[in-house]
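**Q** I have a structure here, written as structure tokens, and I will follow up with some questions on it.
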Amino acid sequence: MVAGCGGDTPSVLDPRSDDARRVEGMWWVLFWISCAVVAVVTGFLLAAARRRRAELHVDDQIDRRPVSWGDRFVVIAGAAVPGGILAGTFAFSLVVLNDMGSGDRNLEIEVEGHTWWWEVRYPNGAVTANEIRIPVGETVELALPTADVIHSFWVPELQVKKDHIPGADNRLSVVADHAGRFRGQCAEFCGLQHAHMEIMVEALPADEFDDWLQREAQPAPEPDGADAADGRRIFERASCAGCHTIRGTSAEGTLGPDLTHLANRETLGAGVVPFTPGALDDFITNPQDAKPGVSMPPTELTPDQVDAVVAYLTELE
Amino acid sequence: MAATTTHDALLGETGIPGELLPQRYDGPRAFGWWGMVWLIGTEATLFALLIASYFYLRFRNGPVWPPDGIATPDLALPLIMTAILWSSSIPVHMAHTGIRAGNLTRLKVGLAVGFVLGATFLVMTLGVEWPEKLDEFGPTTNAYGSLFFTLTGFHGAHVLAGLMLSLWTQVRAWQGAFDESRHLTVQNFTMYWHFVDIVWAFVLATIYLTPHL
Amino acid sequence: MTATAAPDASATTTSTVERLEAVWAEPPGLGSWLGTVDHKRIGLRYFYTGMAFFVAGGIESLLIRTQLAGPDLDVLGPEGFNQLFSMHGITMMFLFAMPVLSGFGNYFVPLMIGARDMAFPRLNAFGYWVLVASGIFLYSSFLVGRAPNNGWFNYVPLSGEAFTPAINIDYYAVGLIFLGISSTGGAINFIVTILKLRAPGMIVNRIPIFVWGELAMALQIVFALPALTLASVLLLLDRKFDFHFYDADSGGDPLLWQHLFWVFGHPEVYIVALPGFGIASAIIPTWVRRPIVGYTYIVIGELSVALIGFGVWVHHMFAVGLPNITLSFISLASFMVAIPSAIQVFAWLATLVAGRPVLRAPLLFVLGFIFIFVIGGVTGVMFAAIPFDQAVHDSYFVVAHLHYVLVGSAVFPIFAAIYHWGPKITGRLLNDRWGKVSFWLMFVGFNLAFFPQHLLGLFGMPRRIYTYDRDLGWGGYNMASTIGAFILAVGILVTIVNWFHSRTRGAPAGNDPWRGETLEWYASSPPAHYNFVTIPTVRGREPMWDQPELAGGAQPPEDGGRPLTEGHATLSTSMLDARPQVIVHMPHASVWPFLLTVALLVLAFAVLLDNWALSVAAVVASVGGLVGWYWPRGQTQET
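Chains as they are written, first to last, in our numbering: chain W, 52 to 368; chain G, 9 to 221; chain E, 1203 to 1841.
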């Protein structure tokens, strides 16, 4: 049964944190209880089938003898035993619930849901999208606001899910006890591209994380070469800057993702395509092909201008 | 709900020799009575949920209620309206007891007086209370405004429905459809009207009284 | 439907039948077709209409499964997918399960309790027409490419004007308010019928369990449906007039929608499940030749499910960030609601083991139901455990669970009922061999379609996504699920063909082909317009097994049979001990319920299109329709 969760599968049964392990442990308890219940019921069904008779006749004798054990059986098997099992499971679930999310928070990250991507803000001013980096072994608190509709944050290998709800202040603590990359995606239906609202959590060793966070808070590097410099100018003057921010430039739009260190990202459009110069070119030319319904319109730039912008953006490490 | 009879005898034969059963009935023996009871049950649930929504949003809004500088509702006019609406239940009740005693005049007069009182309440809601509030805030101002106008409007719609039922009952009364043994329509209208009056107690308490607590 | 097969041809019976026929027969013609108040005609129409929507919802599900068969497919596109999964849910809940189960209730409740019609025959006709009209209304959205697209749960703010400005959501809200009229009227009708129209002697603890199931369903509708109606009204006010109920920026709260929706939505699950439980309890005794074990416990179980079902709605909201203490109370109620269901399951198992089952199609479908429902039940208990629920909430694990519960407790019992009661409706037996083929295809197809979805949920696949990435490793399970869905569809098709083939060419059934225990087998097959030559007096819980004089289809007056030939009348009895009380004269056919429905349909479209002048006109026309309905004419007199 566990065979399916190799590779990239974000499985609840492949826990990478204490909380996820608690959930996994709970699952196996519930699973074996369920197996026992289904086995008992199936046993009765098979026992009844063994007592079958071949045909129904209108003159069959109706057996009117009272079933002497019937009522007692119904009360014991239908109420008393299930009641005991259910009470035990309820108590067990409360114990697990009480243990969840414990630990001191060392770092708070804001993960804001947008249709259909995530904005990730760190306390030191670093802003990125769709990819969260956290330090291994440290408890990170995620604040989960939303810019528009309800979304739900779910990275199965690390944590249970929690919804982003307008007007609410929902929080979720996450800790990864191994370095690694953990996939997740929005779990609450949020419209046309709900399927393409992926989130990636990468747990890094503490020193690597600190280095990354420092770099990520820096403004964008100056363009290197004429093409890229052109690209930056075009980006700042064209409608790109109306929606996107590149820190250190005059582009300060807030509707779309911050692109200051775009070239460090692994995918475009919250997981629709891997980040490559070609994919970026296609995405800018017509985002509606890659992700129909996304807010970004097809570009008004010429192909040469797009090439320049791509040259600039692929430098933003 | 009117039923059809093919002949006018009070008792009918069931086909078991010698067994006769009544063919007219009122109170809980009548289907119409039960239909009205359950209709009121489902309508009361609707009101309960609307009132629950009011309190849900109130407590989500924090301590200042009504919010955004809207004044706590004034009680004078609503209490006068309450007196008028509740007093309408008396003539309606007398109309019902009247027809049960075979008194058609009491029926007609009671229904008419009840109608006038109910209509006065509705006119005061739409003509005085609402315009006053609309000067201060509207249903699109904020959630409080939406709640105020929806809850009072919803109750007003029920008063209107009650008035139309009253009109129907009066038409039937003037046609001579009722006597001491036939008046299911009167009975059902009476029950509905009392329901509308009782619900007003909850609307009044929710909208007008609790903000003063 | 053709007329009566006359029972015992004694002289009195013959003259009784002639008189009843004269009073109850509805003349042919359009007026009678539109105006019929015969609960059997109406019940059968509910059944056919609901099954037509079952086919529509099934086609939608096959399209959904085709889109999801492999990673990165582009069969439907995101908008088409979202409209289809939304309409699939709306259709299966509101236009298939509720109408078909109400249809069986309409047809069989009066027969099982020994009445000649429902308490409010015209309300019954009206409820059916409104169902048809709201079905037409909701499906007309496909014609303009604007079907509801935010799921049957339709959460705000996504379904608010800001994020879904087009009329998709207005179709949803107006359509469900409209349909609510039908369900509420039908529910009140069931309650009054069951309380007041039972045959003499059918005291409270002799009421057939199927009838209890319909009663529990009706009670839930009366108290749960107002929540959906209110939620939809508030949504329309927000969308069309800029009110702020769900608007967090102006003092509203999107969670208000979720509370109202699930206050309705969870009981809705039981609304669909309880009649299915009742069907199982009705079928098992006949096919094992033994009375049901634990009657009282089953009835208490049905009613407790209906009651506790109102206390668990928040378990659909375990991930919205409510305090743990709130969650714990709801969790407890959610664990508790399993007990009354377990009681019923073990009562069925006890009856099966105590008797000698005959494994023909009706019982096979019931056994399949028990197996599938128990799997849905144990996964339901898993959701009561808060941390596990928060992990798999909104994943395919939930999709698997809800289909095990709903297909288990609605579809399989409905198919059992088709094979068990079909002969009563058509007068002819269905082919049992093809029934078994249909069962095995459906059983295997269902489990292949939905069992892998449990795994998909555990492996992180969220609900309501129109496609997924190849790297995620979900492709194989999805392909299995799609193949299963098509096998399930073939199995359903076999029964549909079987029905239409058998209704004209099957072997004649006779009054009581199975020797059933309840009063529907006292009527002829198909039943006469007046249902029974004499309204029977019952002396036990299984009258057809206990009272040999019922076998002829006309209990003589000396045994308590009442011909009641004086007028279009049935017998009303006291509520608890079913003593004869009153002869009730029932209304005749009327075209006004149909006309009122037409006015309301115009109103629905006028509101949809913001045409307020037409709306007012339609309201006036509706009031006119009501006046026409109640206007005294002919011999009609006030009672």
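Glycine residues also receive a C-beta, built at the ideal position from the N, C-alpha and C atoms.
Would the beta-carbon of W/R172 fall within 8 angstroms of that of W/I160?
**A** Closer than 8 angstroms, so yes.
**Q** Near W/G176, which residues of its chain fall below 6 angstroms by C-beta distance, leaving aside the five closest residues on each side in sequence?
**A** So the qualifying residues of the chain are A268.
**Q** Classify W/I113 as helix, strand or coil using the three-state DSSP reduction.
**A** Here W/I113 sits in coil by DSSP.
**Q** Given a threshold of 16 other Cβ atoms within 10 Å of its Cβ, counted over all protein chains shown, does W/N149 qualify as buried or as exposed?
**A** Exposed: under 16 other Cβ atoms inside 10 Å.
**Q** Suppose only complete runs of 4+ residues qualify. What are the alpha helix (DSSP H) ranges in the region 1604-1652 of chain E, listed by chain order?
**A** Runs of the alpha helix (DSSP H) inside the region 1604-1652 of chain E: 1614-1628.
**Q** Between the region 1443-1455 of chain E and chain W, which residues of the former have CB atoms less than 7 angstroms from a CB of the latter, in chain order?
**A** Taking 7 angstroms as the Cβ-Cβ cut-off against chain W, the residues of the region 1443-1455 of chain E that qualify are A1450 and D1455.
**Q** So, does the region 1417-1436 of chain E touch the region 1455-1474 of chain E, judging by three or more C-beta pairs under 8 angstroms?
**A** Flag = yes, the region 1417-1436 of chain E and the region 1455-1474 of chain E touch.
**Q** So is E/L1873 in contact with chain G if we call contact Cβ pairs under 8 angstroms?
**A** Lying before the first or after the last residue shown, residue 1873 of chain E is absent from chain E, which here runs from 1203 to 1841.
**Q** Thinking just about the alpha-carbon of each residue, which of E/M1294, E/L1345, E/L1828 and E/L1565 is nearest to the one in E/L1802?
**A** Comparing Cα positions, the closest option is E/L1828.
**Q** What does a CB cutoff of less than 6 angstroms around E/D1714 pick up in its chain, not counting 5 residues either side in sequence?
**A** Same-chain partners within the cutoff: W1723.
**Q** Please give the ranges of any beta strand (DSSP E) in the region 287-359 of chain W, keeping only runs that are unbroken, at least 3 residues long and fully inside the region.
**A** Within the region 287-359 of chain W, no complete beta strand (DSSP E) run reaches 3 residues.
**Q** State yes or no: is the C-beta of E/V1311 within less than 8 angstroms of the C-beta of E/F1392?
**A** A contact, by the Cβ cut-off of 8 angstroms.
**Q** Check distances from the C-beta atoms of the region 120-140 of chain G to those of chain E and list, in chain order, the residues that come in under 8 angstroms.
**A** Here the close residues number zero.
**Q** Examine chain E for any beta-carbon lying closer than 8 angstroms to the beta-carbon of W/S85, and answer yes or no.
**A** Yes, W/S85 counts as interfacial toward chain E.
**Q** Can you tell me the Cα-Cα spacing of E/F1380 and E/S1336, whole angstroms?
**A** Computed Cα separation, rounded: 6 angstroms.
**Q** E/A1475 and E/V1334: beta carbons closer than 8 angstroms?
**A** No, they are not a contact pair.
**Q** Only counting the same chain, and skipping five residues up and downstream in sequence, which positions put a Cβ closer than 6 angstroms to that of E/I1405?
**A** Excluding sequence neighbours, E/I1405 sits near D1779 and A1780.
**Q** Between the alpha carbons of E/G1496 and E/N1326, how many angstroms are there, rounded?
**A** Whole-angstrom Cα-Cα distance: 33 angstroms.
**Q** When you compare only the Cα positions, how much space is there between W/G164 and E/L1524?
**A** For W/G164 and E/L1524, the distance between alpha carbons rounds to 19 angstroms.
**Q** Quick one: which chain G residues come within Cβ less than 8 angstroms of E/F1425?
**A** Ordered by position in chain G, the residues that pass the 8 angstroms Cβ test against E/F1425 are G49, T50 and T53.
**Q** How would you write the range of the alpha helix (DSSP H) that W/A230 sits in, first residue to last?
**A** No alpha helix (DSSP H) holds W/A230; DSSP gives it neither H nor E.
**Q** What alpha helix (DSSP H) runs, 4 residues minimum, are completely inside the region 55-132 of chain W?
**A** List check, alpha helix (DSSP H) in window: 69-101 and 121-126.
**Q** Report the CB separation of G/L168 from G/L130 in whole angstroms; it is logged as a contact under 8 angstroms.
**A** Between G/L130 and G/L168 the Cβ distance is about 6 angstroms, and since that is below 8 angstroms, they are a contact.
**Q** Ordered along the chain, which non-local residues of its own chain (more than five positions away) have a Cβ less than 6 angstroms from that of W/G405?
**A** The structure shown does not extend to residue 405 of chain W, since chain W is modelled only from 52 through 368, so no value can be given for it.
**Q** Short of 9 angstroms Cβ to Cβ, which residues in the region 1750-1769 of chain E face chain G?
**A** Here the close residues are P1759, E1760, G1762, G1763, R1764, P1765, L1766, T1767, E1768 and G1769.
**Q** For the region 1727-1741 of chain E against the region 1761-1770 of chain E, are there 3 or more C-beta pairs whose distance is under 8 angstroms?
**A** Yes, the region 1727-1741 of chain E is in contact with the region 1761-1770 of chain E.
**Q** Spatial neighbours of G/L47 within its chain, please: CB distance less than 7 angstroms, with the 5 preceding and 5 following residues excluded, ordered by chain position.
**A** Nothing meets the Cβ criterion.
**Q** Going straight from the alpha carbon of E/G1557 to that of W/W83, what length do you get?
**A** Rounded to whole angstroms, E/G1557 to W/W83 spans 31 angstroms at the Cα level.
**Q** Any idea what DSSP makes of W/A271, helix, strand or coil?
**A** Note: W/A271 maps to coil in three-state DSSP.
**Q** Taking DSSP's pairing of strands, which residues face W/K213 in a bridge?
**A** Beta-bridge pairing links W/K213 to W/F204.
**Q** Name the DSSP beta bridge partners of W/W168, please?
**A** W/W168 is bridged to W/H165.
**Q** Using a Cβ-Cβ cut-off of 8 angstroms (strictly less than) and excluding sequence neighbours within five positions of E/I1588, which residues of its own chain qualify?
**A** Contacts found: F1520, N1526, L1529, S1530 and S1533.
**Q** Which one of W/G76, W/T60 and W/L107 has the shortest CA to CA distance from E/L1561?
**A** Looking at the Cα atoms, W/L107 is the closest of the given residues.
**Q** Taking W/A314 as the reference, give the member of W/G304, W/T305 and W/A330 with the closest Cα.
**A** It is W/A330 whose Cα lies nearest to the Cα of W/A314.
**Q** For my contact list, E/P1350 and E/S1263 are in at a C-beta cut-off of 8 angstroms; report their separation, rounded to the angstrom.
**A** In fact, because the Cβ distance is near 16 angstroms, the residues do not count as touching under 8 angstroms.
**Q** In this structure, how does DSSP classify E/A1733 when only helix, strand and coil are distinguished?
**A** Here residue 1733 of chain E turns out to be Asn, not Ala, going by the sequence shown. Residue state, collapsed to three classes: strand.
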